[in-house]
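Here numbering that gives the first Met the number 0 is used: the first residue of the sequence shown is 0, the next is one more, and so on.
Using N, Cα and C, we set each Cβ at its ideal position, and we do this for glycine too.
Only one structure is covered here, and it is reproduced in the block below.
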Amino acid sequence: MRFWPRRDDADDAELAGEAAAAAAAVVDAPPPDPDPSAAAFFDVDNTLIRGASIYHFARGLASRKLFTVRDLALFALGQAAFRMRGAENAEHISTAREAALAFVAGRSVSELVSLCEEIYDDKLADRIWHGTRALALKHLDAGQQVWLVTATPVELARIISHRLGLTGALGTVAETENGVYTGRLVGHLLHGPAKAGAVRALAKREGLDLARCSAYSDSFNDLPMLTTVGHPHAVNPDADLREHAREHGWPVHDFRTGRKVTMVALPTAAGAGALAGGVAAGVALRRHYRDR
Numbered sequence: 000m001r002f003w004p005r006r007d008d009a010d011d012a013e014l015a016g017e018a019a020a021a022a023a024a025v026v027d028a029p030p031p032d033p034d035p036s037a038a039a040f041f042d043v044d045n046t047l048i049r050g051a052s053i054y055h056f057a058r059g060l061a062s063r064k065l066f067t068v069r070d071l072a073l074f075a076l077g078q079a080a081f082r083m084r085g086a087e088n089a090e091h092i093s094t095a096r097e098a099a100l101a102f103v104a105g106r107s108v109s110e111l112v113s114l115c116e117e118i119y120d121d122k123l124a125d126r127i128w129h130g131t132r133a134l135a136l137k138h139l140d141a142g143q144q145v146w147l148v149t150a151t152p153v154e155l156a157r158i159i160s161h162r163l164g165l166t167g168a169l170g171t172v173a174e175t176e177n178g179v180y181t182g183r184l185v186g187h188l189l190h191g192p193a194k195a196g197a198v199r200a201l202a203k204r205e206g207l208d209l210a211r212c213s214a215y216s217d218s219f220n221d222l223p224m225l226t227t228v229g230h231p232h233a234v235n236p237d238a239d240l241r242e243h244a245r246e247h248g249w250p251v252h253d254f255r256t257g258r259k260v261t262m263v264a265l266p267t268a269a270g271a272g273a274l275a276g277g278v279a280a281g282v283a284l285r286r287h288y289r290d291r
């Protein structure tokens with residue numbers, strides 16, 4: 000025998016459903032008041048991401064048979080040597096640049112963007128420092144722009160920025176013609192003084208007051224960028240930067256305790272927003288060691 004609810008029961012059920020739906024509705028918080036004259040600039044490697052982003056990109060290439068395990072091992076040794084010295088070797092940088100340009104020459108931008116998206120999801124998403132992202136979100140919540148500034152290829156940098164909900168990224172750019180890489184850089188690696196130049200150029204374009212801007216990095220090599228703004232911060236600093244920050248009263252943020260990394264990637268596609276730039280400098284010593 001089937002039992003039908005009485006009318007008042009049905010009314011109550013409908014009312015309960017409406018109440019539940021109303022309670023489930025999410026009311027968007029009002030957007031922060033814009034602060035158009037201030038921005039924050041974040042280095043990527045060991046500041047936002049644990050390790051070198053380009054090394055993890057190389058790992059992704061190796062897993063796709065686009066890069067050999069030997070290449071990867073040689074690159075890893077170079078990274079270890081860099082971290083111990085705390086300074087780049089000009090010859091190594093030049094060799095890395097040539098190797099990377101040889102890798103991308105003749106490849107399409109869309110192919111590299113697709114690879115960057117896959118490798119971000121596979122290798123980088125769970126290596127984001129939760130504490131650094133929280134710092135970036137504080138600036139966004141204050142209505143300020145947040146930009147990544149890195150020697151990492153601009154495609155990969157923009158994907159990282161997009162997935163984390165940041166404003167954009169400044170990265171190393173390679174020349175393209177008709178959507179294909181020529182094998183030449185546009186200028187040089189975005190490294191050292193070049194980062195400071197990029198920040199100044201962006202500030203001019205966006206109408207930013209650099210005295211009100213902030214910058215974050217782990218490396219003493221980024222001192223030109225850090226001293227370009229009014230509010231420099233050291234994040235997971237190397238020994239030289241830690242000492243400099245202490246001497247100058249800069250804030251120091253260290254998220255390395257326990258090596259805890261939280262996955263904070265957003266499930267959105269970055270391909271449409273990635274502009275033509277290029278994979279450059281740092282993929283590894285691929286051609287250099289292959290031809291030896």
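In the DSSP annotation of this structure, the continuous segment of the beta strand (DSSP E) that includes Gly170 starts and ends at 167 to 171. Contact check for Ile53 against Ala150 passes: the beta carbons are separated by less than 9 Å. With contacts defined by Cβ atoms closer than 9 Å, Val148 and Ala214 form a contacting pair.
Under the DSSP assignment, Phe254 falls outside any beta strand (DSSP E); it carries neither an H nor an E label. Judged by their CB atoms, Thr131 and Phe41 are nearer to each other than the 9 Å cut-off. With a threshold of 16 other beta carbon atoms within 10 Å, Glu154 meets it and is buried. Residue pairing by DSSP places Val148 opposite Leu169 in a beta bridge.
Between Gly105 and the set His230, Gly248, Glu174, the nearest pair of CA atoms involves Glu174.
Proximity of the region 223 to 241 to the region 54 to 62 falls short of the contact definition, fewer than three beta-carbon pairs being nearer than 8 Å. When DSSP states are grouped into helix, strand and coil, Ala238 belongs to the helix group. One alpha carbon belongs to Asp221, the other to Asp253, and they sit about 17 Å apart. For Leu163 and Glu246, the gap between their C-alpha atoms comes out near 33 Å.
Note on Gly248: under 16 other CB atoms within 10 angstroms of its CB, so exposed under the neighbour-count rule. A contact is defined here as three or more CB-CB pairs under 8 Å, and the region 203 to 213 meets this definition with respect to the region 32 to 39. For Ala156, the closest of Val112, His230, Ser107 by C-alpha to C-alpha distance is Val112. If you draw a straight line from the Cα of His161 to the Cα of Val145, it is about 11 Å long.
Annotated three-state conformation of Arg106 is coil, per DSSP. Inter-residue distance for Gly182 and Glu176 is about 10 Å (C-alpha atoms, whole angstroms). Here the C-alpha atom of Asp237 lies approximately 20 Å from the C-alpha atom of Ala193.
For the pair His243 and Asp44, the Cα-to-Cα distance works out to about 19 Å.
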